[in-house]
Structure formats: C-alpha cells, structure tokens
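Sequential numbering of the sequence shown, starting at 1, is according to full-length UniProt numbering.
Glycine is no exception: its CB is placed at the ideal position from the N, C-alpha and C atoms.
Down below is the structure, laid out as structure tokens.
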Amino acid sequence: MFYNEAEKRTPTLTRILWFLGSLVLLPPLTSPLPSSRYTHGGCIATIIDATVGTGIVHSIGPAMTANLNIDYQNPIPLGSTVIIDSRVEKVDGRKVYTSCQVRSHDDAVLHNKAT
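Here's what the structure looks like:
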C-alpha cells in the first residue's frame, strides 16, 4: 500500500488469504454452501476502510470513518488477488470525501465500489 500525493489515491494490491477469510467466514470452506467459497463482506469492508483511511491520513491527519457505503457487485473468491484503488475526491474542513473500487488483478471484474 502506498499513497500517491499527486493523484490523491492509494492503490493497493491485496491477496485475500484463506486464513484471513476463515476468521470471518462461517461455515468453513468444506461446506457445500456457495457462500463459503467467497470472502465475507465484513472482511471486504474492513480492507476498504483501512485502504481509504491511508489516503485520508495523508490528506488531513488521523481521522475516523463516519460513513461507509459499499456496493457489493461480484463476490471475491477466497485466494483471489485484487486491486483496491482508493481516492480522496474532496476535502471540506474535517470532512473527507473518498471513492474506492475493488477489482480483479486483471481488471476484468469490478467486485465492489465504495464511497
């Protein structure tokens, strides 16, 4: 993860690891349920929040999330490598407006959008 000052964005390449998914995903991977093969939405929200927060810290310093909206468009299979592209769109006093996209490593699939 790194912050690009000129573009006000924090591009991040992340691999969703099984051990991380197993901490927040029930039932286990051996379950016949289709949802057991995908990253839990709460895990995705945490990763987005942490990535977006890096850009905010570079813009205004330490801050806390007041509102996080996520559109879950395509599930992320466990073990996938994804690109998380977060941007600082606007700073208005203490408020920082951001956007974020989570895409497959080959940019073919948009998994999530967040503001």
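{"Asked": "Touch test, the region 3-12 against the region 63-73, Cβ-Cβ under 8 Å, three pairs minimum", "Found": "no"}
{"Asked": "Under 8 Å between C-beta atoms of G41 and Y72", "Found": "yes"}
{"Asked": "Alpha carbon of C100 to alpha carbon of A50, nearest angstrom", "Found": "11 Å"}
{"Asked": "Test item: CB-CB of V96 and S59 under 8 Å", "Found": "yes"}
{"Asked": "Reduced DSSP secondary structure (H/G/I, E/B, other) of K8", "Found": "coil"}
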